[in-house]
Every structure is written in structure tokens, then in C-alpha cells.
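Structure first, commentary second.
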Amino acid sequence: GAVVSQHPSWVICKSGTSVKIECRSLDFQATTMFWYRQFPKQSLMLMATSNEGSKATYEQGVEKDKFLINHASLTLSTLTVTSAHPEDSSFYICSASRGRETQYFGPGTRLLVL
Amino acid sequence: QKEVEQNSGPLSVPEGAIASLNCTYSDRGSQSFFWYRQYSGKSPELIMFIYSNGDKEDGRFTAQLNKASQYVSLLIRDSQPSDSATYLCAVNKGGGADGLTFGKGTHLIIQP
Numbered sequence: 005g006a007v008v009s010q011h012p013s014w015v016i017c018k019s020g021t022s023v024k025i026e027c028r029s030l031d032f033q034a035t036t037m038f039w040y041r042q043f044p045k046q047s048l049m050l051m052a053t054s055n056e057g058s059k060a061t062y063e064q065g066v067e068k069d070k071f072l073i074n075h076a077s078l079t080l081s082t083l084t085v086t087s088a089h090p091e092d093s094s095f096y097i098c099s100a101s102r103g104r105e106t107q108y109f110g111p112g113t114r115l116l117v118l
Numbered sequence: 165q166k167e168v169e170q171n172s173g174p175l176s177v178p179e180g181a182i183a184s185l186n187c188t189y190s191d192r193g194s195q196s197f198f199w200y201r202q203y204s205g206k207s208p209e210l211i212m213f214i215y216s217n218g219d220k221e222d223g224r225f226t227a228q229l230n231k232a233s234q235y236v237s238l239l240i241r242d243s244q245p246s247d248s249a250t251y252l253c254a255v256n257k258g259g260g261a262d263g264l265t266f267g268k269g270t271h272l273i274i275q276p
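Just so you know, the sequences run in chain order A and B.
All letters in the first sequence, in the order written, are residues 5 to 118 by the working numbering.
All letters in the second sequence, in the order written, are residues 165 to 276 by the working numbering.
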């Protein structure tokens with residue numbers, strides 16, 4: 005149990021376009037979902053925390069108007085990178101939790117902005 | 165600012181030996197401590213978590229926590245080549261309900 009999926013696994017887009025990444029908990033209802041970003045040879049950095057039906061909480065330095073998060077149900081959260089630029093190229097990873105337990109990570113989405 | 169520190173390595177250990185990975189954290193309010201393994205190009209996978217001072221064992225893995233010293237460690241017994249990966253230490257205040265602060269990870273190499 006506790007499987008988290010992400011789609012797409014890879015995306016290449018042109019600068020200025022928007023990209024949507026989906027995160028789904030497949031076999032459990034996630035009370036909270038998290039979005040992380042990892043640049044090459046760096047560790048994971050928390051971008052935002054989202055709870056179903058409420059606005060996401062963004063970490064300091066993360067632009068909420070650029071990284072739109074929608075947590076429409078207990079099994080689905082989406083991250084939209086708006087007007088993507090090359091510096092947004094990164095490995096985006098979501099995680100989901102079901103309360104007190106730890107977080108389960110999705111396989112990640114690699115974004116390359118040309 | 166919350167910080168989690170790890171030696172980046174690489175840490176080279178012979179097959180069959182014990183690998184010892186260390187981590188320190190700055191936020192004394194941290195309550196939950198996690199070890200993740202990350203293979204190159206993949207997302208992290210949970211090895212184990214620990215909430216209380218002392219040792220916690222799970223198979224070949226033992227996590228050790230000392231809150232007074234703000235120190236967490238992971239021991240891997242009978243190291244296998246497949247254990248070669250980057251090991252990430254992560255902490256938070258609220259278990260699954262709180263975002264994780266990660267260290268930069270220790271690159272572990274198990275030599276056959």
C-alpha cells in the first residue's frame with residue numbers, strides 16, 4: 005500500500021509556456037500533499053504544502069503566482085508551473101501522507117524548459 | 165533557519181561491513197526523523213523513521229536518535245552493493261502532516 009504516482013514523468017517545454025504536473029495517491033486518501041523540487045546535486049527543497057479543499061501554504065521564496073497548486077480531492081494534487089523559464093528546469097517530486105504517518109513520495113517529474 | 169547537515173561523502177565501505185551515516189539538525193523543535201535512500205535519477209524511498217531517543221532496528225538497518233545532541237544516525241549492517249546510493253536525512257515537527265527538511269545527503273559506495 006501507499007503508492008503515489010506522478011504524471012508526466014518527463015516534460016520538455018518552450019520558455020513562456022505553462023506545465024501541469026499531477027500527483028495521485030493510488031491506494032489511500034491523502035490528508036496532506038507536499039511538493040518538493042530538487043536541482044542537480046542538491047537536496048530536496050519543500051515548495052509547498054497542500055490540504056484538500058484549502059489553499060496551499062508556500063515556503064519562503066517560492067512564488068505562489070508562478071507555482072499554482074490545486075488539491076481538488078483527497079487523492080489528487082496538481083502543480084502548474086506558469087510561464088516556465090529555463091531556471092525552472094528541475095526534478096519536481098510530490099509526496100502524500102495520511103495523517104500521523106510519514107510521507108510517501110511519487111516517482112518525480114523531470115521538467116526541462118528550453 | 166532550519167538546517168540538516170550531512171557529510172556529502174563519498175563514503176566507501178567494503179561489502180559485508182557496517183556503514184555508518186550521520187546527521188545533525190539545528191531545530192530543537194524537531195520531533196520526527198527520517199532516513200531516505202535515493203538512487204541516481206529516482207525519487208527518495210523511505211528506509212525508516214524514528215521519533216524517540218535511542219535505537220530502532222529494522223532488518224539490517226538501525227536508526228539512532230539523540231535529541232540532546234541533535235544527532236541522528238543510520239547503521240547498515242552486512243552492506244551490499246545494492247545499498248550504494250545517496251542517503252538523505254530528513255526532519256520535521258509533525259510526522260506525516262508537516263513538510264520535511266532534508267540534508268544534502270551522503271553518497272555511499274559499497275565496494276564488492
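Ideal Cβ placement from N, Cα and C applies to all residues, glycine included.
Shortest alpha-carbon distance to residue i belongs to which of the options?
i: R104(A); options: L229(B), Q202(B), F213(B); result: F213(B)
i: C17(A); options: I97(A), M51(A), Q42(A), A88(A); result: A88(A)
i: S94(A); options: Q46(A), T61(A), F38(A), N55(A); result: Q46(A)
i: F198(B); options: Q244(B), N186(B), I274(B); result: N186(B)
i: T86(A); options: A6(A), K70(A), R41(A), K59(A); result: K70(A)
i: S81(A); options: L30(A), G20(A), S19(A); result: L30(A)
i: E63(A); options: I273(B), D262(B), Q275(B), I182(B); result: D262(B)
i: V23(A); options: P111(A), P90(A), Q42(A), S99(A); result: P90(A)
i: L264(B); options: M49(A), G57(A), S54(A); result: M49(A)
i: G65(A); options: G57(A), A52(A), E56(A); result: A52(A)
Distance check for residue j and residue i, CA to CA, integer angstroms please.
i: W14(A); j: N74(A); result: 20 Å
i: V117(A); j: N217(B); result: 45 Å
i: V280(B); j: Y251(B); result: No answer is possible for residue 280(B): the residues shown for chain B start at 165 and end at 276.
i: S246(B); j: F109(A); result: 20 Å
i: R201(B); j: C253(B); result: 9 Å
i: T271(B); j: S172(B); result: Note that residue 271(B) corresponds to His in the displayed sequence, not to Thr. When rounded, the distance between both Cα atoms is 6 Å.
i: I25(A); j: N230(B); result: 39 Å
i: E209(B); j: G260(B); result: 15 Å
i: S237(B); j: G269(B); result: 12 Å
i: E169(B); j: G193(B); result: 16 Å
i: S77(A); j: M37(A); result: 11 Å
i: V255(B); j: R114(A); result: 25 Å
i: Y189(B); j: Y215(B); result: 14 Å
i: Y40(A); j: P276(B); result: 34 Å
i: A34(A); j: R102(A); result: 5 Å
i: A100(A); j: F32(A); result: 9 Å
i: D242(B); j: G20(A); result: 50 Å
Please find out if some non-hydrogen atom of the ligand ZN comes closer than 7 Å to the beta-carbon of residue i.
i: G57(A); result: Only the bare structure without any ligand can be found here, which leaves the ligand ZN out of the picture.
Would you mind telling me which residues of chain A sit closer than 8 Å to residue i, beta carbon to beta carbon, in chain order?
i: L175(B); result: Within 8 Å Cβ-Cβ: nothing; L175(B) doesn't reach chain A, min ~16 Å.
i: F225(B); result: What F225(B) touches in chain A: nothing, since even the nearest Cβ is about 15 Å away.
Tell me the DSSP bridge mates of residue i?
i: F109(A); result: S99(A)
i: E169(B); result: T188(B)
i: N114(A); result: Here the sequence assigns Arg to residue 114(A), which means Asn is not the residue at that position. W14(A), F95(A).
i: A254(B); result: F198(B), F266(B)
i: S9(A); result: R28(A)
Run down chain A in chain order and give the residues with a C-beta less than 7 Å from the C-beta of residue i.
i: S207(B); result: I97, F109, G110, P111, G112
Residue i touches chain B at which residues, Cβ-Cβ below 7 Å?
i: Q33(A); result: Within chain B, no residue comes near Q33(A); the closest Cβ sits about 13 Å away, beyond 7 Å.
i: S47(A); result: L252, F266, G267, K268, G269
i: T82(A); result: Correct list: empty, because the minimum Cβ distance to chain B is about 17 Å.
i: T79(A); result: Neighbours of T79(A) on chain B: none; closest Cβ ~16 Å, over 7 Å.
i: T53(A); result: G263
Closer than 9 Å by beta-carbon distance: list the chain B residues that pair up with residue i, in chain order.
i: F43(A); result: Chain B residues near F43(A): none, gap ~11 Å exceeds 9 Å.
Listing by chain order, which chain B residues have their CB less than 8 Å from the CB of residue i?
i: L72(A); result: By Cβ distance, chain B contributes nothing, its closest Cβ being about 18 Å from L72(A), past 8 Å.
i: T36(A); result: G260, A261
i: L116(A); result: Going along chain B, no residue has its Cβ under 8 Å from L116(A), so there is no contact; the nearest lies around 14 Å.
Residue i versus chain A: which residues are under 9 Å apart at the beta carbon?
i: F198(B); result: T106, Q107
i: L272(B); result: Here the premise fails: no neighbours, minimum Cβ distance about 15 Å.
i: L229(B); result: Correct list: empty, because the minimum Cβ distance to chain A is about 15 Å.
- What are the start and end residues of each continuous beta strand (DSSP E) run of 3 or more residues lying completely inside the stretch 176-250 of chain B, in chain order? Within the stretch 176-250 of chain B, the complete beta strand (DSSP E) segments of 3 residues or longer fall at 183-189, 196-202, 209-214, 218-222, 225-230, 235-240, listed in chain order.
- Uninterrupted beta strand (DSSP E) stretches inside the stretch 24-90 of chain A (no shorter than 3 residues): Here the runs fully enclosed are 36-42, 49-55, 71-77, 80-85.
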